[in-house]
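Below you'll find the structure, written out as structure tokens, and then a few comments.
Residue numbers (the working numbering): 1 to 392.
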């Protein structure tokens with residue numbers, strides 16, 4: 001695909017068996033698979049060359065078959081670059097991969113790798129593929145889609161090659177908890193459920209649909225998800241925000257803030273400035289290395305003032321990161337009434353404390369029961385807290 005070309009529809013290249021003989025050596029069949037082994041997901045990506053009768057493969061844990069299919073495209077590009085091929089034909093039986101390469105890639109790039117305002121799935125992989133396609137000399141549209149299921153008597157050379165790469169992508173394991181052929185939909189459902197935010201069947205379906213994938217949802221994905229169970233337990237708290245002194249404020253006018261302590265991340269972050277909007281319970285978070293007055297001001301300006309407007313009132317405890325000669329003049333300059341809680345007075349600070357607890361519960365659930373790598377989950381955990389569905 002040349003940089004100046006814009007793909008607007010899925011126009012397939014000729015089938016493999018109709019390619020010129022001198023171009024067939026540059027055709028590769030990529031595929032990917034995934035199996036659940038015990039409590040682990042194992043994926044394998046493979047590429048088959050019908051000319052050279054060889055396959056290359058890569059494998060790993062923790063991802064689904066769609067991820068493996070995209071990794072297989074990267075494998076094919078690796079081969080083409082390594083061998084300095086003048087062109088590359090990709091013959092795939094993956095509807096998702098075919099549409100991404102034919103139709104969506106240029107659109108994603110133009111929309112800053114978003115689809116309907118949401119980040120596309122596996123954006124780093126697609127960005128790498130897009131950059132490499134621009135550098136690769138290709139002939140026309142280098143991708144052809146292979147129908148994966150045809151009777152043997154109708155199978156062409158192309159279908160036979162597709163079966164070869166299917167076999168290369170199979171993962172040989174001693175114990176498999178689920179039948180691969182019968183439970184294929186379950187894998188797709190898991191693939192969509194995890195990045196959709198653990199918000200139930202409908203949210204999972206919408207997430208997949210927004211990315212061009214129609215799926216038949218299996219409710220076991222919800223029932224067996226440990227992250228969903230932990231978040232559901234956290235939701236059983238009584239409504240965090242209710243009437244009282246907050247009724248006189250409009251949205252964005254009053255906030256409670258606090259620092260939550262977490263294990264030090266690889267980037268040296270140890271604290272999260274949590275900021276909760278008083279009338280709705282909307283949460284904003286800002287990770288920092290140290291709980292200081294300056295970081296408090298930076299977090300408020302970036303997450304509150306710039307996104308929600310200047311508040312009338314901010315409540316906090318009496319910690320030195322909140323009560324000092326930097327915060328006081330800053331608050332007065334912006335016309336903000338800064339109110340300090342009475343120490344150990346639960347009614348005053350209980351709401352923000354419960355939000356800190358809910359955030360940590362969500363981070364721990366996403367980290368497999370620990371707070372390790374919490375910084376990589378923070379943005380998604382914040383979003384989960386804000387979309388948890390509690391009454392406000």
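A virtual CB, placed ideally from N, CA and C, is assigned to each residue, including glycine. What you are looking at is a predicted structure, and each value in this text was computed from that prediction instead of being measured.
Residue span of the beta strand (DSSP E) that contains residue i, given as start and end
| i | result |
| --- | --- |
| residue 124 | Counting along the chain, residue 124 falls outside any beta strand (DSSP E), though it belongs to the alpha helix (DSSP H) covering 123-135. |
| residue 272 | 271-277 |
Residues bridged to residue i (per DSSP)
| i | result |
| --- | --- |
| residue 289 | BP columns for residue 289 are empty, so no partner. |
| residue 314 | 255 and 338 |
| residue 65 | DSSP output for residue 65 lists no bridge partner at all. |
| residue 261 | 271 |
| residue 60 | 43 |
| residue 119 | 114 |
Beta-carbon gap between residue i and residue j smaller than 8 Å
| i | j | result |
| --- | --- | --- |
| residue 284 | residue 264 | no |
| residue 43 | residue 65 | yes |
| residue 313 | residue 327 | no |
| residue 75 | residue 45 | yes |
| residue 386 | residue 274 | no |
Residue i - DSSP class collapsed to helix/strand/coil
| i | result |
| --- | --- |
| residue 31 | strand |
| residue 376 | helix |
| residue 248 | coil |
| residue 283 | strand |
| residue 299 | helix |
| residue 324 | coil |
| residue 71 | helix |
| residue 109 | helix |
| residue 84 | coil |
| residue 368 | coil |
| residue 357 | helix |
| residue 266 | coil |
| residue 387 | coil |
Span of the alpha helix (DSSP H), counted from its first residue to its last, around residue i
| i | result |
| --- | --- |
| residue 22 | Counting along the chain, residue 22 falls outside any alpha helix (DSSP H), and DSSP gives it neither H nor E. |
| residue 327 | 327-333 |
Local Cβ density within 10 Å of residue i, reported as buried at 16 or more and exposed below that
| i | result |
| --- | --- |
| residue 333 | exposed |
| residue 31 | buried |
| residue 268 | exposed |
| residue 290 | exposed |
| residue 81 | exposed |
| residue 329 | exposed |
| residue 255 | buried |
| residue 94 | buried |
| residue 22 | exposed |
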